[in-house]
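**Student:** Protein chains in written order, with the numbering used here: chain A, 43 to 393; chain B, 43 to 393. A virtual CB, placed ideally from N, CA and C, is assigned to each residue, including glycine. Owing to the predicted nature of the structure, the values given are computational and were not obtained by experimental measurement.
There are 2 protein chains.
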Amino acid sequence: MQSPRPRVTIRDVADHVGVHPSTVSRVLNPATRGRITSKIVKKVLSAADELDYRPNKTAQGLRTNRSRSVGVLIPDITNPLFPPIIRGVEDALAEEGYTAVLGNTDNLAERERDAVATMRARQVDGLILATARKDDPIVADCVSDRLPVVLVNRSSDVPGISSVVNDDALGIAQAVSHLKGLGHSRIAHIAGPQALSTGEVRRRSFYDAMAREDLIAEDDLVVETRAFSVDEGLRAASELIASGRIFTAIVASNDLLALGAYEAIDDAGLACPGDVSVTGFNDMPFVDRVAPPLTTIRIPQYEMGREAARRLLQLLETPDFPAHATTLQPELIVRGSTTRVRNVNLAINRN
Amino acid sequence: MQSPRPRVTIRDVADHVGVHPSTVSRVLNPATRGRITSKIVKKVLSAADELDYRPNKTAQGLRTNRSRSVGVLIPDITNPLFPPIIRGVEDALAEEGYTAVLGNTDNLAERERDAVATMRARQVDGLILATARKDDPIVADCVSDRLPVVLVNRSSDVPGISSVVNDDALGIAQAVSHLKGLGHSRIAHIAGPQALSTGEVRRRSFYDAMAREDLIAEDDLVVETRAFSVDEGLRAASELIASGRIFTAIVASNDLLALGAYEAIDDAGLACPGDVSVTGFNDMPFVDRVAPPLTTIRIPQYEMGREAARRLLQLLETPDFPAHATTLQPELIVRGSTTRVRNVNLAINRN
DNA sequence: TCATTCTGTGCAATCGTTTGCACAATGATC
DNA sequence: GATCATTGTGCAAACGATTGCACAGAATGA
Chain A
43 MQSPRPRVTI RDVADHVGVH PSTVSRVLNP ATRGRITSKI VKKVLSAADE
93 LDYRPNKTAQ GLRTNRSRSV GVLIPDITNP LFPPIIRGVE DALAEEGYTA
143 VLGNTDNLAE RERDAVATMR ARQVDGLILA TARKDDPIVA DCVSDRLPVV
193 LVNRSSDVPG ISSVVNDDAL GIAQAVSHLK GLGHSRIAHI AGPQALSTGE
243 VRRRSFYDAM AREDLIAEDD LVVETRAFSV DEGLRAASEL IASGRIFTAI
293 VASNDLLALG AYEAIDDAGL ACPGDVSVTG FNDMPFVDRV APPLTTIRIP
343 QYEMGREAAR RLLQLLETPD FPAHATTLQP ELIVRGSTTR VRNVNLAINR
393 N
Chain B
43 MQSPRPRVTI RDVADHVGVH PSTVSRVLNP ATRGRITSKI VKKVLSAADE
93 LDYRPNKTAQ GLRTNRSRSV GVLIPDITNP LFPPIIRGVE DALAEEGYTA
143 VLGNTDNLAE RERDAVATMR ARQVDGLILA TARKDDPIVA DCVSDRLPVV
193 LVNRSSDVPG ISSVVNDDAL GIAQAVSHLK GLGHSRIAHI AGPQALSTGE
243 VRRRSFYDAM AREDLIAEDD LVVETRAFSV DEGLRAASEL IASGRIFTAI
293 VASNDLLALG AYEAIDDAGL ACPGDVSVTG FNDMPFVDRV APPLTTIRIP
343 QYEMGREAAR RLLQLLETPD FPAHATTLQP ELIVRGSTTR VRNVNLAINR
393 N
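1) Residue 172 of chain A CB to nearest chain B CB: under 9 Å?
2) Since residue 164 of chain A meets chain B, which of its residues come closer than 7 Å, beta carbon to beta carbon?
3) Measure from the C-beta of residue 332 of chain B to each C-beta in chain A and report whether the shortest distance is under 9 Å.
4) How about residue 312 of chain A and residue 272 of chain A: are their beta carbons less than 9 Å apart?
5) Is DSSP giving residue 395 of chain A helix, strand or coil here?
6) If contact means a Cβ-Cβ distance below 9 Å, which residues of the region 67 to 81 of chain B contact chain A?
7) Would you check if the region 159 to 179 of chain B and the region 162 to 180 of chain A touch, i.e. whether three or more CB-CB distances between them fall below 8 Å?
8) Checking the sheet assignment: what are the DSSP bridge partners for residue 231 of chain B?
9) Is the beta carbon of residue 275 of chain A sitting closer than 9 Å to the one on residue 306 of chain A?
10) Give me the residue from A:279, A:241, A:225, A:286 with the minimum Cα distance to residue 257 of chain A.
11) Show which residues of chain B have a CB atom less than 8 Å away from the CB atom of residue 126 of chain A.
12) Spell out whether any CB of chain B is found under 9 Å from the CB atom of residue 329 of chain A.
13) Could you tell me whether any Cβ in chain A is nearer than 9 Å to the Cβ of residue 273 of chain B?
14) Could you give the DSSP three-state label for residue 103 of chain A: helix, strand or coil?
15) Using alpha carbons as the reference points, say which of A:88, A:147, A:369 lies closest to residue 117 of chain A.
16) I want to know whether the region 346 to 359 of chain A touches the region 131 to 140 of chain A - three or more CB-CB distances under 8 Å.
17) Quick one: what's got a C-beta closer than 8 Å to residue 245 of chain B's C-beta in the same chain, skipping five residues either side?
18) Secondary structure at residue 89 of chain B, three-state DSSP: helix, strand or coil?
19) What does the Cβ neighbour count give for residue 281 of chain A, buried or exposed, with the cut at 16 atoms within 10 Å?
20) Look at the alpha carbon of residue 66 of chain B and the alpha carbon of residue 60 of chain B, and state the distance between them as a whole number of angstroms.
21) Looking at C-beta atoms only, is the number of pairs between the region 247 to 255 of chain B and the region 211 to 225 of chain B that lie closer than 8 Å three or more?
22) Are the C-beta atoms of residue 144 of chain B and some chain A residue less than 9 Å apart?
23) Which residue comes first and which comes last in the alpha helix (DSSP H) that contains residue 354 of chain B?
24) Any idea which residues DSSP pairs residue 324 of chain A with across the strands?
25) What does the Cβ neighbour count give for residue 88 of chain A, buried or exposed, with the cut at 16 atoms within 10 Å?
26) Please say whether residue 185 of chain A and residue 194 of chain A have beta carbons closer to each other than 9 Å?
27) Please report the residue range of the alpha helix (DSSP H) in which residue 240 of chain B lies.
28) What residues from chain A crowd round residue 103 of chain B, counting only those whose CB sits closer than 7 Å?
29) To the nearest angstrom, report how far apart residue 371 of chain B and residue 366 of chain A are at their CA atoms.
30) How would you call residue 324 of chain A, buried or exposed, if buried means at least 16 neighbouring beta carbons within 10 angstroms?
31) For residue 338 of chain B, which residues in chain A fall below 8 Å Cβ to Cβ?
32) How many Å lie between residue 218 of chain A and residue 362 of chain A at the Cα?
33) In the DSSP assignment, what residue or residues form a beta bridge with residue 170 of chain B?
34) Jot down the residue ranges of each uninterrupted alpha helix (DSSP H) in the region 121 to 169 of chain A, minimum 4 residues, whole runs only, in chain order.
35) Assuming residue 329 of chain B contacts residue 338 of chain B under a Cβ cut-off of 8 Å, what Cβ separation, rounded to an integer in Å, is found between them?
36) Here's the rule I'm using: 16 or more other beta-carbon atoms within 10 Å means buried, otherwise exposed. How should residue 80 of chain A be labelled?
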């Protein structure tokens with residue numbers, strides 16, 4: 043058993059060399075190192091090395107009021123959409139010596155509020171939010187408190203805030219146009235929660251894209267969900283099928299909803315893509331391996347994370363840097379869940 | 043534009059009430075609150091509330107030398123095995139007001155070392171490592187520095203260290219016994235890296251289980267990989283097939299390797315499970331949706347995370363709490379990738 | 001040679017809390 | 001009514017770093 047090993051402080055290094063702690067501090071800070079005689083610099087550096095000195099970030103943080111850490115809030119790390127984003131964030135932060143502190147909110151406003159409070163208590167220098175609602179008071183609070191914030195994946199109506207999102211309108215347009223190219227005209231949409239920018243934008247884009255393709259978007263074929271989950275996708279698609287309305291394809295607002303649609307189609311004794319083509323959104327890991335492999339819209343998740351982190355770092359350097367919404371380009375990935383339309387009378391036949 | 047809004051300190055609260063800062067501190071700390079007159083307690087509390095006082099964790103951390111945060115090191119958050127574990131860790135930590143600081147190491151010793159150093163500089167109170175190697179000098183360092191550490195998922199040979207792992211031997215035994223029950227006798231094993239406890243234990247367990255089932259484990263049918271990845275699974279299975287040896291089933295050391303085996307089987311013009319049955323390990327999210335749905339060993343990932351966090355919290359309270367290895371029970375999940383043996387001459391036929 | 005500018009280092013205050021100790025005020029005891 | 005615990009609060013020193021300011025001593029110029 044060893045003793046708790048006394049921490050070596052800047053003072054220990056100073057004593058060891060025979061200089062004042064402030065001198066050591068200046069040597070250790072690259073920005074002020076130039077002000078110290080190189081002979082002393084060398085001595086201090088080697089003493090620090092010898093004693094295995096590690097700066098105490100807590101003390102630094104207290105004095106400088108900067109923690110070099112940022113809070114990253116996501117709905118649920120268990121949702122495969124987020125890990126790549128987080129990884130991108132972390133990698134970009136690490137390059138500048140910053141650390142990410144993670145928080146899951148489960149899309150609950152209350153937990154979101156808690157999480158932000160926790161982060162702020164921990165003196166994070168800024169926040170990256172993947173949790174923003176369209177009109178989010180929490181985001182507004184941060185802005186008015188001048189806490190640097192960048193939104194990722196979702197955007198918000200709160201003005202003056204930077205965001206890094208995917209071009210959802212383009213993605214949906216790609217999906218619709220792909221389906222039309224396969225001969226589909228009666229296309230249903232499983233929409234995500236309308237309180238989330240992604241859900242709302244994609245739904246709106248669906249109508250737009252249908253119109254642009256000269257197709258009729260029937261309101262009865264657009265069903266809204268309460269969450270981006272497999273269960274809700276199952277529910278929505280079952281409803282769609284049960285309604286007896288005619289459709290040969292489903293554009294789902296994300297991959298999870300699409301997987302739910304798979305189940306509903308299966309439950310109804312139908313086949314995908316034989317009876318119903320399905321498109322997803324996000325190209326989550328492993329959706330290329332499900333049966334059938336999912337045709338979906340790939341969004342650059344890792345890059346989104348990186349970009350968001352870079353924007354935040356920039357904001358930390360230059361607090362008045364103007365807000366900017368970055369949108370990244372998605373890509374249609376055609377796989378096995380979509381096929382040329384065969385039987386347009388699906389729904390009628392079933393009745 | 044608002045001004046940066048001056049921070050409310052304990053001193054502001056004290057002045058507002060007309061007491062000394064130390065009194066406020068005592069009121070705010072539930073443990074010492076009892077020492078203060080209840081009338082003052084009330085006044086302080088309402089003043090704190092009114093002024094929206096938030097304790098500065100950094101200052102607290104400096105003074106108390108406890109950050110109420112713990113470092114969580116994992117190989118790669120993008121690997122579906124880890125999110126549930128992380129979630130479990132976070133949830134358990136949050137219950138006690140602790141925060142998790144995440145780090146990805148990509149299984150690189152150097153990054154691992156860096157990450158630990160970063161964590162320690164940030165004054166984490168303890169570490170949860172999902173990255174441990176069998177004989178890990180980093181882990182040993184932590185132990186000798188008396189930094190509380192708990193290993194999760196993997197264990198280590200370093201003595202005196204707590205770990206929460208799955209009962210891998212039992213899991214492999216379940217897989218082998220399941221396959222034997224389906225008539226398989228020539229069973230191959232795609233082993234994970236032998237420097238990782240999971241890879242090594244599962245391999246050893248494979249031999250043990252085969253022996254117990256009175257089956258012959260041929261060394262030529264056990265191939266080792268350099269990483270737990272789809273690519274390595276593909277490589278290993280291709281090698282196995284190319285060798286011309288007879289086998290009708292593969293026990294893969296984890297799901298990713300199993301998915302790689304799927305590809306190899308497909309590439310060789312064979313079918314799973316028709317020609318080769320495959321079992322995975324971990325029951326990662328969505329492997330129930332791949333084609334064919336993977337028969338695998340489910341390990342209680344979320345619970346593993348929770349349990350590891352709880353152990354660590356206990357260790358923080360009672361530093362001399364004796365080390366203990368907790369093993370959780372896995373469960374065989376039978377799905378579509380395993381079936382009764384049909385053609386025992388697979389390999390021979392192919393030559 | 002002396003006044004003046006530079007340069008490099010030391011001094012001490014500060015960041016926001018916590019906590020051992022001192023010490024008034026109160027109540028109990030004889 | 002003096003003595004002694006007891007209780008509640010204040011005081012001040014930490015924790016480990018950073019940084020504005022002061023000030024020696026060297027370098028420069030007249």
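**Tutor:** This is what the structure holds:
1) Within the first sequence, residue 172 of chain A is the residue found at index 130, counting from 1. Taking Cβ atoms only, chain B never reaches closer than 9 Å to residue 172 of chain A, which makes this a no.
2) Here residue 164 of chain A is taken as the residue at index 122 of the first sequence, counted from 1. By Cβ distance, chain B contributes 99, 141.
3) For the purposes of this step, residue 332 of chain B is taken as the residue at position 290 of the second sequence. True, the Cβ-Cβ gap to chain A drops below 9 Å.
4) In the first sequence, the residue the question calls residue 312 of chain A occupies position 270. In the first sequence, the residue the question calls residue 272 of chain A occupies position 230. Result no, Cβ atoms of residue 312 of chain A and residue 272 of chain A do not sit closer than 9 Å.
5) Residue 395 of chain A lies beyond the range of chain A shown here (43 to 393); nothing can be said about it.
6) none
7) no
8) Along the second sequence, read from residue 1 onward, the residue named residue 231 of chain B stands at position 189. DSSP output for residue 231 of chain B lists B:264, B:293 as bridge partner(s).
9) Numbered from its first residue, the first sequence carries residue 275 of chain A at position 233. Numbered from its first residue, the first sequence carries residue 306 of chain A at position 264. Cβ atoms of residue 275 of chain A and residue 306 of chain A: closer than 9 Å.
10) In the first sequence, residue 257 of chain A corresponds to position 215, counting from 1. The shortest C-alpha separation from residue 257 of chain A is found at A:225.
11) The residue given as residue 126 of chain A occupies position 84 in the first sequence. Under the 8 Å cutoff, chain B gives 120.
12) Counted from its first residue, the first sequence places residue 329 of chain A at position 287. At least one chain B Cβ lies under 9 Å of residue 329 of chain A.
13) One-based indexing of the second sequence puts residue 273 of chain B at position 231. Not an interface residue.
14) Indexing the first sequence from 1 puts residue 103 of chain A at position 61. Three-state DSSP puts residue 103 of chain A in a helix.
15) For the purposes of this step, residue 117 of chain A is taken as the residue at position 75 of the first sequence. Measuring from the Cα of residue 117 of chain A, the nearest candidate turns out to be A:147.
16) yes
17) Here residue 245 of chain B refers to the residue found at position 203 of the second sequence. These residues qualify, in order along the chain: 231, 233, 234, 236, 264, 266, 295.
18) Numbered from 1 along the second sequence, position 47 holds the residue referred to as residue 89 of chain B. Here residue 89 of chain B sits in helix by DSSP.
19) Along the first sequence, one-based indexing puts residue 281 of chain A at 239. Residue 281 of chain A should be labelled exposed.
20) Residue mapping note: residue 66 of chain B aligns to position 24 of the second sequence, counting from 1. Residue mapping note: residue 60 of chain B aligns to position 18 of the second sequence, counting from 1. Straight-line Cα distance between these residues: approximately 10 Å.
21) yes
22) Reading the second sequence from its first residue, position 102 is the one you call residue 144 of chain B. Cβ-Cβ to chain A under 9 Å: yes for residue 144 of chain B.
23) As a first step, residue 354 of chain B is located in the second sequence; it is residue number 312 there, counting from the start. 343 to 359 is the span of the alpha helix (DSSP H), which, as asked, contains residue 354 of chain B.
24) Here the question's residue 324 of chain A lines up with position 282 in the first sequence. BP columns for residue 324 of chain A point to A:340.
25) On the first sequence, residue 88 of chain A is found 46 positions in, with the first residue counted as 1. Exposed is the call here.
26) Taking the first sequence and counting its residues from 1, the one referred to as residue 194 of chain A is at position 152. Taking the first sequence and counting its residues from 1, the one referred to as residue 185 of chain A is at position 143. Cβ distance not < 9 Å, so residue 194 of chain A and residue 185 of chain A don't count as in contact.
27) Counting from 1 along the second sequence, the entry for residue 240 of chain B is found at position 198. Taken as a continuous stretch (DSSP letters only), the alpha helix (DSSP H) holding residue 240 of chain B covers 239 to 254.
28) Position 61 of the second sequence, counted from the start, is the residue given in the question as residue 103 of chain B. What residue 103 of chain B touches in chain A: 100.
29) Within the second sequence, the letter at position 329 stands for residue 371 of chain B. Within the first sequence, the letter at position 324 stands for residue 366 of chain A. Taking the straight line joining both Cα atoms gives about 50 Å.
30) In the first sequence, the residue the question calls residue 324 of chain A occupies position 282. So residue 324 of chain A ends up on the buried side.
31) For the purposes of this step, residue 338 of chain B is taken as the residue at position 296 of the second sequence. The premise fails here: residue 338 of chain B is roughly 14 Å from chain A at the closest Cβ pair, so nothing lies under 8 Å.
32) Taking the first sequence and counting its residues from 1, one reaches residue 218 of chain A at position 176. Taking the first sequence and counting its residues from 1, one reaches residue 362 of chain A at position 320. Residue 218 of chain A and residue 362 of chain A: Cα-Cα distance of roughly 40 Å.
33) Residue numbering aside, residue 170 of chain B sits at position 128 when the second sequence is read from its first letter. Paired residues: B:114, B:192.
34) 124 to 137, 151 to 163
35) Here residue 329 of chain B refers to the residue found at position 287 of the second sequence. Here residue 338 of chain B refers to the residue found at position 296 of the second sequence. Residue 329 of chain B to residue 338 of chain B, Cβ: 6 Å. Contact.
36) By one-based count along the first sequence, residue 80 of chain A stands at place 38. Answer is exposed; the Cβ neighbour count stays below 16.
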